[in-house]
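First up is the structure itself, then whatever we jot down about it.
Residue numbers (my numbering): 30 to 557.
In structure tokens, the structure reads:
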């Protein structure tokens with residue numbers, strides 16, 4: 030297909046000033062930029078629209094959604110042309126049969142796919158990272174996808190869900206699994222260090238795995254050990270750990286939450302600036318909202334998760350064990366809840382795996398017994414919004430030059446977090462146009478060029494001749510998130526056109542039937 034996009038205001042992803050130009054697309058790439066003749070080629074009148082590189086969602090939970098839902102308008106309509114999957118240390122490759130069953134149960138709240146759910150028709154025929162990426166390619170997907178090797182899944186595969194140090198043989202096996210995943214195309218490794226079993230890993234164990242990541246030119250993406258009490262120490266641990274390993278670091282959904290951290294974003298940014306000044310290869314992502322979103326079971330103390338999902342359910346059925354869990358949650362502060370005693374009034378149920386428990390959706394929990402009943406009845410599949418963030422911290426962090434955008438969007442549940450459908454237009458509409466927190470060109474760089482650089486993609490993330498034609502056209506005067514907490518599945522306004530590989534996946538504001546997405550695999554890196 031030959032196409033000339035006429036008269037667009039180009040914001041090219043570098044952070045440089047906008048300029049007006051025609052942009053030609055051929056064979057999936059940008060071929061010319063300037064004042065161009067149509068020459069028989071099709072044209073699109075883009076006067077009044079911004080032409081930008083497609084947005085890159087640096088923290089996505091679409092691991093099964095891309096296979097289950099070919100439309101995937103939740104992301105395509107936002108202008109997202111690439112998602113990074115395998116987040117928070119838990120995903121579906123590499124696995125054996127046992128590990129796959131356990132992981133499916135553990136993160137059913139994120140992705141569906143529970144092993145006991147006959148309504149979920151995903152064919153989990155893959156076992157390796159390469160096979161999973163191949164499945165994305167053969168199925169055909171709405172947007173491009175990259176993958177992180179999930180450290181928690183690797184640990185479960187190598188030694189189960191036990192809270193103990195890895196033996197030398199088990200550590201060697203984990204190294205091999207991470208290396209194999211990277212060799213098969215993963216762009217790095219993720220961790221969920223408030224989720225079992227990844228949280229059982231010591232800093233020394235993580236450092237050894239990060240050395241493998243560094244050898245392949247990948248990056249480490251941790252959900253670190255605390256976003257509440259001890260948050261700064263948890264960030265500092267990740268900075269020091271990757272410094273020792275010589276590994277690039279990308280901090281997942283980097284924020285400062287809970288009452289302890291109100292107004293303390295500056296302390297985090299000072300820590301990061303010191304690391305950058307010392308030569309660290311460091312980036313971060315965030316979403317432009319204050320509540321977080323996770324599974325209800327994730328709030329429990331780490332010891333309650335030892336042994337895997339079935340062991341958690343057994344502890345919840347036992348009154349004495351359940352009382353221990355309650356005490357940790359409400360009195361001492363569980364590590365799963367970031368060391369902060371839980372405020373049940375801040376916990377809103379956003380989804381359940383079993384429709385029989387749908388009446389809980391949209392309600393705030395009134396205490397431990399309600400939470401226990403739901404955990405048992407929904408077999409750990411419930412998701413929650415945690416209303417614990419601070420707007421001033423959100424704004425301060427998004428201004429940082431190492432910042433990129435990530436939705437952390439969980440697409441399951443009756444009332445998912447609006448970030449799943451709204452992150453990228455919310456940045457452009459709310460934080461650029463309405464509040465002026467970021468300039469338009471700076472914001473676009475945060476959402477395209479900078480994440481592409483983090484991923485070391487040599488031909489994506491910029492509007493530049495020779496680059497892939499992953500492009501978004503939006504109206505800067507009307508772009509806005511449609512999703513709200515009350516109606517979270519509403520698509521955005523002001524984004525009429527999205528192209529992936531030069532093909533329209535959104536045209537005139539409507540989703541086409543094009544499945545232009547493919548797996549985006551790690552680019553060989555020579556260390557320069």
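By construction, the Cβ of each residue, glycine as well, lies at the ideal position given by its N, Cα and C atoms.
Keep in mind that this is a model prediction, so the values were computed, not measured.
For this session: Check whether the Cβ atoms of residue 95 and residue 171 lie closer than 8 Å to each other.
Result: Yes, the pair counts as a contact, with Cβ atoms nearer than the cut-off.
Exercise. Does DSSP put residue 510 in a helix, a strand or coil?
Worked result: coil
Exercise. Does the segment 353-369 come close enough to the segment 323-334 that 3 or more CB-CB pairs lie under 8 Å?
Worked result: yes
Exercise. By the 10 Å Cβ neighbour count, where 16 or more other Cβ atoms means buried, how is residue 42 classified, buried or exposed?
Worked result: Under a 10 Å Cβ-count criterion, residue 42 is classified as buried, with 16 or more other Cβ atoms of the shown protein chains found around its own Cβ.
Exercise. Excluding five sequence neighbours on each side, which residues of the same chain lie with their C-beta closer than 6 Å to the C-beta of residue 382?
Worked result: 137, 143, 407, 410
Exercise. Are there three or more Cβ pairs, one per stretch, closer than 8 Å when the segment 298-316 is compared with the segment 373-382?
Worked result: no
For this session: Tell me whether residue 140 sits in a helix, a strand or coil according to DSSP, three-state version.
Result: helix
Exercise. Which residues mark the beginning and the end of the alpha helix (DSSP H) in which residue 455 is found?
Worked result: For residue 455, the enclosing alpha helix (DSSP H) covers residues 448-455.
For this session: Count the CB pairs spanning the segment 430-444 and the segment 79-86 that are closer than 8 Å, and state whether there are at least three.
Result: yes
For this session: Can you tell me which of the three DSSP states residue 353 falls into?
Result: In the structure shown, residue 353 sits in a helix (DSSP, three-state: H, G or I).
Problem set entry | residue 323 classed as buried or exposed, judged by whether at least 16 other C-beta atoms fall within 10 angstroms | buried
Problem set entry | Distance between residue 439 and residue 454 (C-alpha atoms, nearest Å) | If you take the alpha carbons of residue 454 and residue 439, they lie about 17 Å apart.
Exercise. How many whole angstroms separate the CB atoms of residue 417 and residue 286, which I take to be in contact at a CB cut-off of 8 Å?
Worked result: 5 Å
For this session: Would you decide whether residue 145 is buried or exposed? Buried here means 16 or more other CB atoms lie within 10 Å of its CB.
Result: Exposed: under 16 other Cβ atoms inside 10 Å.
Problem set entry | Own chain partners of residue 214 with C-beta closer than 6 Å, once the 5 adjacent residues on each side are dropped | 162, 550, 551
For this session: Report the residue ranges of all beta strand (DSSP E) runs contained in full by the segment 419-505; include only those spanning at least 3 residues, in chain order.
Result: Runs of the beta strand (DSSP E) lying entirely within the segment 419-505, each at least 3 residues long, are 432-434, 500-503 in chain order.
Exercise. Would you call residue 429 buried or exposed, if buried means 16 or more other Cβ atoms sit within 10 Å of its Cβ?
Worked result: buried
Exercise. If you follow the beta strand (DSSP E) that residue 32 is part of, which residue opens it and which one closes it?
Worked result: 31-39
Problem set entry | Beta-ladder partner(s) of residue 113, from DSSP | DSSP, once it has assigned bridges, lists 175 as partnering residue 113.
Exercise. By Cβ distance below 7 Å, which residues in the same chain neighbour residue 93 in space, the five residues on each side in sequence not counted?
Worked result: 140, 141, 142, 151
For this session: Could you name the residues of the same chain whose beta carbon sits closer than 6 Å to that of residue 135, not counting the 5 residues immediately before and after it, in chain order?
Result: 338
Exercise. Hey, residue 488 and residue 479: beta-carbon distance below 8 Å or not?
Worked result: no
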